[in-house]
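So the sequence shown is numbered by the working numbering: it starts at 8 and just counts up by one.
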Amino acid sequence: FKICFYFSFTGCVTCLDYDEHYILTFPNGYGRQVNALFGIFIFNALSILTVPWIELGGECSINCSKTGYNASIVFHTKPFYGGKKHRITAEIFSPNDKKPFCSVEGEWNGVMYAKYTTGENAVFIDTKKMPTIKKKVRKLEDQDDFESRCLWKDVTYNLKIRDIDAATAAKH
Numbered sequence: 008f009k010i011c012f013y014f015s016f017t018g019c020v021t022c023l024d025y026d027e028h029y030i031l032t033f034p035n036g037y038g039r040q041v042n043a044l045f046g047i048f049i050f051n052a053l054s055i056l057t058v059p060w061i062e063l064g065g066e067c068s069i070n071c072s073k074t075g076y077n078a079s080i081v082f083h084t085k086p087f088y089g090g091k092k093h094r095i096t097a098e099i100f101s102p103n104d105k106k107p108f109c110s111v112e113g114e115w116n117g118v119m120y121a122k123y124t125t126g127e128n129a130v131f132i133d134t135k136k137m138p139t140i141k142k143k144v145r146k147l148e149d150q151d152d153f154e155s156r157c158l159w160k161d162v163t164y165n166l167k168i169r170d171i172d173a174a175t176a177a178k179h
């Protein structure tokens with residue numbers, strides 16, 4: 008089966024050292040789970056035998072109004088037959104240019120490779136080698152009632168202690 012989450016919002020990432028603001032859109036998220044038995048796809052009875060996964064898919068962009076640089080990014084969903092999960096391609100453009108100066112391809116949760124118009128090929132980024140950075144979040148007592156962590160604290164607590172009924176009740 009497939010469940011899709013369509014994201015239609017934007018985010019802003021600020022690079023403080025350069026006083027640059029990057030506006031970005033997000034790919035859609037698909038909850039996937041398919042079972043195969045002798046070439047026949049079974050969706051109900053055997054669905055508990057496989058592990059579902061989230062797959063990103065669709066187009067998004069990154070734009071910097073200060074520099075004019077921008078990127079078009081495509082998160083490719085896995086084809087029904089063959090292919091790979093987690094594929095990504097991107098094109099990076101200089102200000103006012105119609106042709107990209109760099110093309111990127113690879114896996115969004117692995118290694119991505121860059122091909123520049125100069126002919127140079129290089130590893131663009133290896134996400135597996137990146138350090139994990141701890142989030143900085145304000146304390147619950149410093150948050151307003153409708154800020155995410157404060158709003159969902161009872162649901163989160165009940166999920167941690169595996170009380171699904173109390174977590175469900177806390178959502179209402």
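Using N, Cα and C, we set each Cβ at its ideal position, and we do this for glycine too.
Quick check: residue i and residue j, are their CB atoms within less than 8 Å of each other?
{"i": "Ser79", "j": "Ser72", "result": "no"}
{"i": "Tyr120", "j": "Glu112", "result": "yes"}
{"i": "His28", "j": "Thr17", "result": "no"}
{"i": "Leu166", "j": "Ala176", "result": "no"}
For residue i, count neighbouring Cβ atoms within 10 angstroms of its own Cβ and tell me buried if that reaches 16, exposed if not.
{"i": "His179", "result": "exposed"}
{"i": "Ile195", "result": "Lying before the first or after the last residue shown, residue 195 is absent from the chain, which here runs from 8 to 179."}
{"i": "Ala43", "result": "Because Ala43 sits at a pLDDT of 46, beneath the cut-off of 50, its placement in the model cannot be relied upon, and the point is left open."}
{"i": "Glu148", "result": "exposed"}
{"i": "Phe82", "result": "buried"}
{"i": "Asn51", "result": "Annotation note: pLDDT 45 at Asn51 (below 50); position unreliable, no value reported."}
{"i": "Asn77", "result": "buried"}
{"i": "Ala97", "result": "buried"}
{"i": "Arg94", "result": "buried"}
{"i": "Val130", "result": "exposed"}
{"i": "Arg169", "result": "exposed"}
Which residue wins for smallest C-alpha separation from residue i, given the options the options?
{"i": "Asn103", "options": "Asn116, Thr74, Asn128, Lys91", "result": "Thr74"}
{"i": "Arg39", "options": "Phe108, Ile168, Lys92", "result": "Lys92"}
{"i": "Pro59", "options": "Arg94, Asp149, Tyr37", "result": "Tyr37"}
{"i": "Asn70", "options": "Ala177, Asn165, Ala174, Cys19", "result": "Cys19"}
{"i": "Cys109", "options": "Leu31, Gly126, Arg94", "result": "Gly126"}
{"i": "Phe33", "options": "Asp151, Trp159, Gly64, Thr96", "result": "Gly64"}
Mind reading off the beta-carbon distance from residue i to residue j? Whole number of angstroms is fine, and I expect it under 8 Å.
{"i": "Thr134", "j": "Gly117", "result": "6 Å"}
{"i": "Lys85", "j": "Glu62", "result": "6 Å"}
Would you please verify whether the beta carbon of residue i is less than 8 Å from any beta carbon of chain D?
{"i": "Asn103", "result": "No chain D appears in the structure shown, which is made up of a single protein chain."}
The ligand MN and residue i: does any heavy atom of the ligand fall closer than 7 Å to the residue's C-beta?
{"i": "Glu127", "result": "You won't find the ligand MN in this model; it holds no ligand whatsoever."}
>> Extract the residue ranges of the beta strand (DSSP E) inside the segment 96-170, only unbroken runs of 3 or more that lie entirely within it.
In response: 109-114, 118-123, 128-133
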